[in-house]
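K.L.:
Here the protein sequences come in this chain order: H and B. Counted the way the working numbering counts, the first sequence spans residues 1 to 364. Counted the way the working numbering counts, the second sequence spans residues 365 to 728. Got a structure for you, written out below as structure tokens; questions coming shortly.
There are 2 protein chains.
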Amino acid sequence: MILTPSDTHRYCVIMCGGIGSRFWPYSRTDKPKQFLDFFGTGRSLLQMCYDRILPVVRPENILVVTNRRYVDMVREQLPEIAEERILLEPDRRNTAPCIAWAAYHIAALDPEASMIVTPSDHLITRDNVFEQCVRRGFDFVERHDALLTLGINPTRPETGYGYIQIGKEVEPGLMKVKTFTEKPDKELAQVFIDTGEFFWNAGIFLWSVKSIRQAIRRYAPDLASVFDAGIDDFGTPRERAFIDANFGGCPSISIDFAVMEKADNVYVECVNFGWSDLGTWGSLYENSRKDSNDNAYGHANVIAYNSTGNIFLAPEGKLVVVNGMHDCIVADAGDVLLICPKSDEQHIKVMLTDVQLRNEDRYL
Amino acid sequence: MILTPSDTHRYCVIMCGGIGSRFWPYSRTDKPKQFLDFFGTGRSLLQMCYDRILPVVRPENILVVTNRRYVDMVREQLPEIAEERILLEPDRRNTAPCIAWAAYHIAALDPEASMIVTPSDHLITRDNVFEQCVRRGFDFVERHDALLTLGINPTRPETGYGYIQIGKEVEPGLMKVKTFTEKPDKELAQVFIDTGEFFWNAGIFLWSVKSIRQAIRRYAPDLASVFDAGIDDFGTPRERAFIDANFGGCPSISIDFAVMEKADNVYVECVNFGWSDLGTWGSLYENSRKDSNDNAYGHANVIAYNSTGNIFLAPEGKLVVVNGMHDCIVADAGDVLLICPKSDEQHIKVMLTDVQLRNEDRYL
């Protein structure tokens with residue numbers, strides 16, 4: 001990999017604290033989605049995320065923000081990440097506090113830094129295109145006081161994503177953001193697609209630490225006040241105690257809602273690198289290789305008769321034999337077996353509640 | 365339990381060498397059906413069979429015939445059975461050689477003996493009625509040179525069973541057998557039921573050792589010649605070596621075909637004690653307790669939504685969550701998961717062949 005001198009100031013923050021409950025029972029509170037090798041490639045989504053960013057950001061500049069309960073899995077899956085580059089949130093507080101902490105932390109290490117923030121549990125199929133896009137994004141936010149988000153060229157009227165309406169093009173492929181719209185209904189999503197003005201919000205952001213701190217102070221002063229109180233502690237041995245004492249006082253709010261939807265220097269880089277947030281079993285199915293009967297197997301050992309359109313997951317070494325199944329999720333997670341029509345996967349929320357009501361939290 | 369003096373001559377032979385492949389993947393070549401606790405009662409079918417016969421036959425007069433590979437399971441499940449009461453078949457040779465050996469063995473111990481022969485993998489729900497029927501059967505075969513089979517009052521035109529046509533009643537509930545018919549088609553089975561003259565062949569037999577030896581010598585001379593060659597070895601330390609050397613030379617044939625269908629002293633005791641051979645998943649389903657949605661759970665921990673008519677089996681501690689499943693077998697056997705419509709269970713034979721073709725015998 002060829003890194004330019006400016007790369008020393010480029011950082012990456014991998015957000016790795018999610019619980020991924022929509023992929024239950026494969027994703028569990030003690031091993032969420034980002035730690036799973038969904039596709040049987042030998043690398044988890046988190047590891048794939050790390051691999052993807054390596055050509056652009058020096059390994060010592062890659063940080064992981066996660067929850068205390070997941071730290072052992074992060075260490076195990078990413079032994080390359082030094083201990084001091086793992087930021088441990090004492091509480092779950094959505095993305096804005098997570099990003100704010102990372103920004104203050106990096107600013108203390110390098111006031112000239114720029115950073116990319118990325119979820120750890122998404123899928124990107126075209127790593128090369130991703131790399132080019134991220135380089136262009138860094139170049140842009142290093143030259144402008146800009147908050148940049150990556151917008152994905154939409155391929156279907158998906159109702160589970162947020163949409164970004166683009167405005168004026170300021171550089172090739174880089175536009176001013178006009179509006180954000182969270183999860184439209186099907187009709188509106190179709191209108192969005194038809195206009196050609198809307199892109200999916202991938203939740204991947206780039207900015208300089210200067211720009212994001214300034215924006216947080218302006219648009220989320222309650223959040224900024226928490227971190228400004230410890231401004232001298234970041235990058236010192238006192239940082240951890242400060243975070244443990246104060247992070248819980250942060251409002252639980254997304255960076256989109258806290259900053260992006262309010263700021264006037266928000267830009268979108270329109271990209272097309274084969275992205276899915278893998279937010280649903282359906283999206284996992286769409287992104288999986290399928291056989292001639294449209295069954296997706298992951299690495300499950302399956303014999304399927306008269307069965308079409310299913311997605312199978314099973315522990316290694318397990319044989320799954322099915323007959324007459326259509327368009328179902330069959331997810332065997334060892335101690336839990338889920339069988340559910342793909343079209344009914346929103347029902348998983350109800351299932352989780354029912355499992356809790358039965359006092360069987362060990363299955364969650 | 366009250367045993368009469370004549371009980372000292374009463375023996376029971378439990379046939380326990382079957383492989384039960386129709387219940388795959390729950391039943392496996394290394395742990396067939398008879399060793400499984402299908403109903404979650406804490407007792408396997410074999411143990412239930414033993415419990416059922418105890419009020420009628422002294423424990424020291426109960427023998428188990430099984431295959432060498434299952435001897436450890438027999439010892440574990442029936443520690444009450446003395447080592448010398450477990451007859452180990454060196455080869456699988458259907459029921460006639462098994463029964464012939466047991467008859468020669470018992471005759472050497474007690475020439476005045478009578479015996480009941482029973483499969484170990486059937487279900488009988490009314491133990492008390494069974495007990496009375498067996499007593500009456502013993503009384504009958506001790507007074508007559510008779511080969512007695514138990515005939516079950518049929519409740520549906522089952523095509524998977526053999527049927528016995530009854531002739532003249534010789535004592536109350538005891539008839540001469542007119543014909544045997546193996547597995548009729550649906551129409552014929554219905555005709556059988558309508559006439560009232562046909563009973564299901566339960567494969568449970570009673571006779572004196574004198575009568576059965578005589579019948580084997582007359583109707584299955586090739587079989588008799590094998591055992592007569594070792595007549596002085598039975599009941600001695602030489603028996604085992606004799607069997608190991610000669611059992612493989614027996615023809616593989618059922619007792620029905622070898623003797624019962626040929627002999628002229630065959631009688632049937634018509635009984636009604638809630639019997640099933642549990643030969644199919646469907647029959648297990650029929651015999652299982654079901655909830656208001658007609659789902660049968662065994663001891664599986666299941667949460668079912670919008671699901672009816674299913675039968676579930678799963679390892680202890682596993683949670684099964686299903687949505688929108690109807691009339692299916694869901695059998696999780698740990699390393700194999702089978703999902704199959706109940707109406708399609710004959711397809712399991714094809715599955716077993718396919719698993720073999722994949723060289724995955726460990727799943728059989």
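Just so you know, even glycine gets a beta-carbon here, dropped at the ideal spot from N, CA and C.
Give the straight-line distance between the Cα atoms of H/Ala113 and H/Trp207, rounded to the nearest whole angstrom.
P.N.:
Indexing the first sequence from 1 puts residue 113 of chain H at position 113. Indexing the first sequence from 1 puts residue 207 of chain H at position 207. So the two alpha carbons sit approximately 9 Å from each other.
K.L.:
Three-state secondary structure (DSSP) at B/Pro585?
P.N.:
Numbered from its first residue, the second sequence carries residue 585 of chain B at position 221. Residue state, collapsed to three classes: helix.
K.L.:
Could you please give the first and the last residue of the uninterrupted alpha helix (DSSP H) stretch that includes B/Glu495?
P.N.:
If you number the second sequence from 1, residue 495 of chain B lands on position 131. Segment Asp491 to Arg507, the alpha helix (DSSP H) holding B/Glu495.
K.L.:
Is the segment 482-500 of chain B touching the segment 602-613 of chain B in the sense that three or more CB pairs, one from each, lie closer than 8 Å?
P.N.:
Not touching, per the Cβ criterion.
K.L.:
Can a CB atom of chain B be found closer than 8 Å to the CB of H/Asp335?
P.N.:
By one-based count along the first sequence, residue 335 of chain H stands at place 335. So yes, H/Asp335 belongs to the interface.
K.L.:
How about H/Lys318: is its C-beta nearer than 8 Å to some C-beta of chain B?
P.N.:
Within the first sequence, residue 318 of chain H is the residue found at index 318, counting from 1. Yes, its Cβ sits closer than 8 Å to a Cβ of chain B.
K.L.:
Tell me, please, whether the segment 79-93 of chain H touches the segment 161-181 of chain H by the rule of three or more beta-carbon pairs shorter than 8 Å.
P.N.:
In short, these stretches do not touch, since the Cβ pair count stays below three.
K.L.:
Hey, which unbroken runs of the alpha helix (DSSP H) at 4 residues or more fall wholly within the segment 528-575 of chain B?
P.N.:
Qualifying alpha helix (DSSP H) stretches, in chain order: 550-559.
K.L.:
So, is the C-beta of B/Asn687 closer than 8 Å to a C-beta in chain H?
P.N.:
As a first step, residue 687 of chain B is located in the second sequence; it is residue number 323 there, counting from the start. Chain H, which has a Cβ nearer than 8 Å to the Cβ of B/Asn687, makes this yes.
K.L.:
Considering only their Cβ atoms, is the gap separating B/Thr459 from B/Ser618 smaller than 8 Å?
P.N.:
Stepping through the second sequence from its first residue, residue 618 of chain B is reached at position 254. Stepping through the second sequence from its first residue, residue 459 of chain B is reached at position 95. Yes, these two residues count as a Cβ contact at 8 Å.
K.L.:
Roughly how many whole angstroms lie between the Cα atoms of H/Val336 and B/Arg507?
P.N.:
In the first sequence, residue 336 of chain H corresponds to position 336, counting from 1. In the second sequence, residue 507 of chain B corresponds to position 143, counting from 1. Cα to Cα, H/Val336 sits roughly 58 Å from B/Arg507.
K.L.:
List, in order along the chain, the chain H residues whose C-beta lies closer than 9 Å to that of B/His486?
P.N.:
Position 122 of the second sequence holds residue 486 of chain B. Near B/His486 there are no residues of chain H at all, since even the closest Cβ is about 26 Å away, more than 9 Å.
K.L.:
Please confirm if the segment 677-691 of chain B is in contact with the segment 655-664 of chain B, defined as three or more CB-CB distances below 8 Å between the two stretches.
P.N.:
A contact exists between the segment 677-691 of chain B and the segment 655-664 of chain B.
K.L.:
If you draw a straight line from the C-alpha of B/Pro461 to the C-alpha of H/Ser343, how long is it?
P.N.:
By one-based count along the second sequence, residue 461 of chain B stands at place 97. By one-based count along the first sequence, residue 343 of chain H stands at place 343. When rounded, the distance between both Cα atoms is 56 Å.
K.L.:
With 8 Å as the threshold, decide whether the Cβ of H/Asp344 is near any Cβ in chain B.
P.N.:
As a working mapping, residue 344 of chain H is identified with position 344 in the first sequence. Output row for H/Asp344: interface = yes.
K.L.:
Is there a C-beta anywhere in chain H that falls below 8 Å from the one on B/Tyr669?
P.N.:
Within the second sequence, the letter at position 305 stands for residue 669 of chain B. With 8 Å as the cut-off, B/Tyr669 counts as an interface residue toward chain H.
K.L.:
Check the Cβ-Cβ distances between B/Glu724 and every residue of chain H, and say whether any is below 8 Å.
P.N.:
Within the second sequence, the letter at position 360 stands for residue 724 of chain B. Output row for B/Glu724: interface = yes.
K.L.:
Could you check whether the Cβ of H/Ile311 sits closer than 8 Å to any Cβ belonging to chain B?
P.N.:
For this step, residue 311 of chain H is matched to residue 311 along the first sequence. Taking Cβ atoms only, chain B never reaches closer than 8 Å to H/Ile311, which makes this a no.
K.L.:
When the cut-off is 8 Å and only beta carbons count, does H/Leu364 lie next to chain B?
P.N.:
If you number the first sequence from 1, residue 364 of chain H lands on position 364. Output row for H/Leu364: interface = no.
K.L.:
Would the segment 249-268 of chain H count as touching the segment 141-157 of chain H if we require 3 or more Cβ pairs under 8 Å?
P.N.:
Touching, yes.
K.L.:
What residue from B/Ala622, B/His486 and B/Leu418 has the CA that sits closest to B/Arg499's CA?
P.N.:
As a working mapping, residue 499 of chain B is identified with position 135 in the second sequence. Out of B/Ala622, B/His486 and B/Leu418, B/Leu418 has the C-alpha closest to the C-alpha of B/Arg499.
K.L.:
If you count every other CB in all the chains shown that lies within 10 Å of the CB of B/Ser640, and 16 or more means buried, which is it?
P.N.:
As a working mapping, residue 640 of chain B is identified with position 276 in the second sequence. The residue is buried, with at least 16 neighbouring Cβ atoms inside 10 Å.
K.L.:
Touching or not, the segment 539-554 of chain B and the segment 429-443 of chain B, by the rule of three or more beta carbon pairs under 8 Å?
P.N.:
Too few Cβ pairs lie closer than 8 Å, so no.
K.L.:
Only counting runs of 4 or more residues, tell me where the alpha helix (DSSP H) segments fall wholly within the segment 434-465 of chain B, in order along the chain.
P.N.:
List check, alpha helix (DSSP H) in window: 435-441.
K.L.:
Looking at chain H, is there any beta carbon in it that lies within less than 8 Å of the beta carbon of B/Met365?
P.N.:
The residue labelled residue 365 of chain B in the question sits at position 1 within the second sequence. Note that B/Met365 scores 46 on pLDDT, short of 50, meaning its location in the model is unreliable; the coordinates nonetheless yield the value given after this. It does not: the Cβ of B/Met365 has no partner Cβ on chain H nearer than 8 Å.
K.L.:
Run through DSSP, which three-state label would B/Ala510 get?
P.N.:
Position 146 of the second sequence holds residue 510 of chain B. In this structure, B/Ala510 counts as coil in the three-state DSSP scheme.
K.L.:
Using the Cβ count rule (16 or more neighbours within 10 Å means buried), how would you classify B/Ile488?
P.N.:
As a first step, residue 488 of chain B is located in the second sequence; it is residue number 124 there, counting from the start. Label assigned to B/Ile488: buried.
K.L.:
When you compare only the Cα positions, how much space is there between B/Met469 and B/Ala593?
P.N.:
Position 105 of the second sequence holds residue 469 of chain B. Position 229 of the second sequence holds residue 593 of chain B. Checking the displayed sequence, the identity of residue 469 of chain B turns out to be His instead of Met. Between B/His469 and B/Ala593, the C-alpha separation is close to 13 Å.
K.L.:
Distance, Cα to Cα, H/Ala103 vs H/Arg217?
P.N.:
What you label residue 103 of chain H is simply residue 103 of the first sequence in a count that begins at 1. What you label residue 217 of chain H is simply residue 217 of the first sequence in a count that begins at 1. Rounded to the nearest angstrom, the two C-alpha atoms are 12 Å apart.
K.L.:
Kindly list, in the order they appear in chain H, the residues whose Cβ is closer than 7 Å to that of B/Leu702.
P.N.:
Mapped onto the second sequence, residue 702 of chain B falls at position 338. The answer, in chain order, is Val321.
K.L.:
At the level of alpha carbons, what is the spacing between H/Ala211 and H/Val259?
P.N.:
In the first sequence, counting from the first residue as 1, residue 211 of chain H sits at position 211. In the first sequence, counting from the first residue as 1, residue 259 of chain H sits at position 259. Note that residue 211 of chain H corresponds to Ser in the displayed sequence, not to Ala. Going by the C-alpha atoms only, they are around 11 Å apart.
K.L.:
Under 7 Å from any heavy atom of the ligand GDP, does the C-beta of B/Pro521 make it?
P.N.:
No copy of the ligand GDP occurs in the structure displayed, which carries no ligand at all.
K.L.:
Helix, strand or coil for B/Cys704, going by three-state DSSP, please let me know.
P.N.:
Stepping through the second sequence from its first residue, residue 704 of chain B is reached at position 340. Three-state result, B/Cys704: strand.
K.L.:
Closest Cβ-Cβ distance between H/Val372 and chain B: below 8 Å?
P.N.:
For residue 372 of chain H there is no data in the structure shown, the boundaries of chain H being 1 and 364.
K.L.:
With 16 other CB atoms within 10 Å as the buried threshold, where does B/Arg722 fall?
P.N.:
As a first step, residue 722 of chain B must be located in the second sequence, where it is residue number 358. B/Arg722 is exposed by the Cβ-count criterion.
K.L.:
Taking a contact to mean a Cβ-Cβ separation below 8 Å, would you say B/Asn425 touches B/Tyr390 in this structure?
P.N.:
Here the question's residue 425 of chain B lines up with position 61 in the second sequence. Here the question's residue 390 of chain B lines up with position 26 in the second sequence. No; because the gap between Cβ atoms is not below 8 Å, this pair is not in contact.
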